[in-house]
Amino acid sequence: AGFLYMCCLQFMYLLMIKYGWKEREITKLEKWFHIIPNAFGIVTATTALVLKQYNAANWDCWIAPLPADCTSSYEVNKGNTELTETDCIRGDMANIFRWAFFFAPLWASILFCIVTMIVVHRTMKKSELNFQKKYQFSQNSGKRQVSDEVKKQSIRYSLAFFIVWTFPTLARIVQFFQEVHPVLVVLSGTTIGLQGFFNALIYFRPRYAKCVKHKRWYNKVWALVHSTIFFCCYNDDYTKDSVDYVGRTSVNTEQTSMSMTAKSMGSQH
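Numbering-wise, the sequence shown is residues 127 to 395 according to the numbering used here.
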């Protein structure tokens with residue numbers, strides 16, 4: 127379910143940037159951004175439980191055969207063994223379920239995120255060039271500042287996604303052929319639970335960057351925690367959300383560019 131949430135997030139960026147969807151239009155789809163990942167997680171988890179697929183698998187309890195070296199009924203039916211029936215006590219055909227419930231959706235999600243990032247980047251680049259051409263504007267415009275920040279935010283979410291799932295994916299691939307090295311087990315078990323932590327850091331980063339009231343980093347962090355967790359008793363707009371400096375810069379710069387263009391046209395006349 128976690129990587130499908132990542133796909134939903136990237137899909138939202140695609141709708142907003144590529145197709146120009148407004149927040150009210152995104153809101154209509156928001157329920158599906160929760161229903162689809164959670165439904166997938168519940169269905170696959172319940173199916174694996176009913177089919178007795180959960181067993182010890184290195185650092186956690188996951189889809190795995192028991193015993194680890196048992197012969198699945200799939201191999202028996204192919205005639206690759208002298209056995210007439212599987213000797214797996216639990217987790218029969220675990221490798222097939224791993225691919226169906228985890229590896230295939232995971233790698234499809236990674237591919238989707240990569241393609242979406244490329245499309246979003248190309249769209250924003252094209253939009254910036256059109257804007258500069260229309261208003262004869264410089265590379266350091268406020269419009270570029272806003273689009274760059276949106277692009278970087280999308281990249282940060284994707285990088286966090288890749289970091290979290292790189293080691294677990296490598297570990298499971300290695301597990302197909304040999305015993306997983308303890309170092310890889312530790313790295314996998316450590317990173318696999320950090321998706322939410324990384325997403326939270328990325329989500330709150332813009333608010334931290336906009337904190338102009340405090341100079342010291344720990345004061346900014348405390349103000350952020352205070353305003354987020356104890357928002358009911360915190361009225362100080364320390365991040366200046368009511369006057370977003372990025373949005374304000376974008377508007378002011380665009381107005382300035384239009385004014386300069388108008389003056390230039392007037393002087394030509």
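For every residue, glycine included, the Cβ atom is placed at its ideal position computed from N, Cα and C.
Same chain, Cβ closer than 8 Å to residue 294, five either side skipped, listed in chain order: 314, 317 and 318
Neighbourhood of residue 185 by C-beta distance below 7 Å, restricted to the same chain and skipping five residues each side: 311, 314 and 315
Residue 192 - DSSP class collapsed to helix/strand/coil: strand
Under 7 Å between C-beta atoms of residue 216 and residue 192: yes
Residue 334 - DSSP class collapsed to helix/strand/coil: helix
Distance CB(residue 133)-CB(residue 238) smaller than 7 Å: yes
Euclidean distance between Cα positions of residue 275 and residue 331: 11 Å
Buried versus exposed, by CB contacts within 10 Å (16 or more), residue 242: buried
Residue(s) in a DSSP beta bridge with residue 187: 182
Whole-angstrom distance between residue 169 and residue 156, CA atom to CA atom: 20 Å
Given residue 135 as reference, the closest of 342, 281, 344 and 205 once Cα atoms are compared: 281
Proximal residues to residue 163 (C-beta, below 6 Å), its chain only, five neighbours per side dropped: 127, 130 and 131
Residue 323 classed as buried or exposed, judged by whether at least 16 other C-beta atoms fall within 10 angstroms: exposed
Beta-carbon gap between residue 213 and residue 199 smaller than 7 Å: no
Residues bridged to residue 150 (per DSSP): Answer by DSSP bridge pairing: none, since residue 150 is not bridged.
Residues bridged to residue 282 (per DSSP): Answer by DSSP bridge pairing: none, since residue 282 is not bridged.
Sub-7 Å separation of residue 250 and residue 278 beta-carbons: no
C-beta atoms of residue 171 and residue 181 nearer than 7 Å: no
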